[in-house]
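Please read the structure below before turning to the comments.
Numbering (UniProt numbering), first residue to last: 1 to 140.
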């Protein structure tokens with residue numbers, strides 16, 4: 001149990017620190033950045049709203065709010081799912097692609113500074129194995 005409290009503190013503190021960096025750099029929160037990043041890596045740069053909510057561990061209502069804010073900036077658009085007409089897709093726009101390309105270097109530098117720079121290469125390998133294992137357990 002000696003690892004539990006530091007882990008809880010880390011999973012609480014790290015998103016706050018990343019959120020602060022993104023708010024200072026671009027005026028957006030970490031969840032908004034995650035949406036842009038997920039869309040930029042998705043096939044056709046689009047995902048269902050439900051997929052985005054699941055990938056970011058965000059409630060559907062919070063995801064809807066985030067997508068609305070990104071729509072206001074012109075970074076994403078919503079469109080119906082053509083196959084079933086029930087769901088909604090969120091699609092990255094050209095302006096959104098430009099935004100993520102501009103935001104990524106600062107975000108990556110902050111992640112590197114906070115997470116990877118303090119660790120040796122062996123510790124990074126251990127971290128990858130342990131977090132993958134824990135993610136698998138938590139995802140069941």
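Built from N, CA and C at the ideal position, the CB exists for glycine as well.
For residue i and residue j, what's the separation of their Cα atoms in angstroms?
| i | j | result |
| --- | --- | --- |
| residue 74 | residue 3 | 43 Å |
| residue 54 | residue 121 | 31 Å |
| residue 9 | residue 128 | 19 Å |
| residue 35 | residue 1 | 34 Å |
| residue 69 | residue 11 | 25 Å |
CB residue i to CB residue j, shorter than 9 Å?
| i | j | result |
| --- | --- | --- |
| residue 19 | residue 29 | yes |
| residue 14 | residue 124 | no |
| residue 33 | residue 103 | yes |
| residue 97 | residue 45 | yes |
Does the beta carbon of residue i fall short of 8 Å from some heavy atom of the ligand FAD?
| i | result |
| --- | --- |
| residue 33 | The ligand FAD is absent from the structure shown, which contains no ligand whatsoever. |
Quiz item: In chain order, which continuous runs of the alpha helix (DSSP H) of length 4 or greater are located wholly inside the UniProt domain "HTH marR-type" (4-136)?
Solution: 4-26, 30-41, 49-55, 60-72, 94-111
Quiz item: Looking at C-beta atoms only, is the number of pairs between the segment 16-26 and the segment 49-67 that lie closer than 8 Å three or more?
Solution: no
Quiz item: Are the segment 29-47 and the segment 91-106 touching, with three or more C-beta to C-beta distances below 8 Å?
Solution: yes
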